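J.: Sharing a structure, written as structure tokens. Questions coming.
Numbering (the numbering used here), first residue to last: 4 to 77.
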């Protein structure tokens with residue numbers, strides 16, 4: 004999903020678009036590392052799931068703001 008959106012970002016988008024996208028990628032990487040270190044605790048898995056949902060919503064909003072079509076949601 005992130006890779007597909009990255010492929011849609013080009014020079015026609017404002018400078019804010021790649022910056023916002025980079026922030027999402029950084030947060031996704033951080034959450035992935037936390038998930039790998041969380042173990043099997045149900046609470047940790049639930050918290051991480053909610054964070055990923057929030058990241059997905061942020062990605063939706065970024066795509067809406069910059070008129071990017073998410074191929075994984077069409």
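Virtual Cβ for every residue (Gly too), placed ideally from N, Cα, C.
The structure presented is a predicted model; accordingly, all values stated were derived computationally and were not measured.
1) By the three-class DSSP mapping on this structure, what secondary structure does residue 73 have?
2) Any contact of the stretch 37-47 with the stretch 57-73, i.e. 3+ C-beta pairs under 8 Å?
3) Specify the secondary structure class of residue 10 as computed by DSSP and reduced to three states.
4) Say yes only if the C-beta of residue 22 is nearer than 7 Å to one or more non-hydrogen atoms of the ligand ADP, and no if none qualify.
5) With DSSP collapsed to three states, give me the class of residue 42.
T.: Looking at the atomic coordinates:
1) coil
2) no
3) helix
4) Ligands in the displayed structure: none, and consequently the ligand ADP is not present.
5) coil
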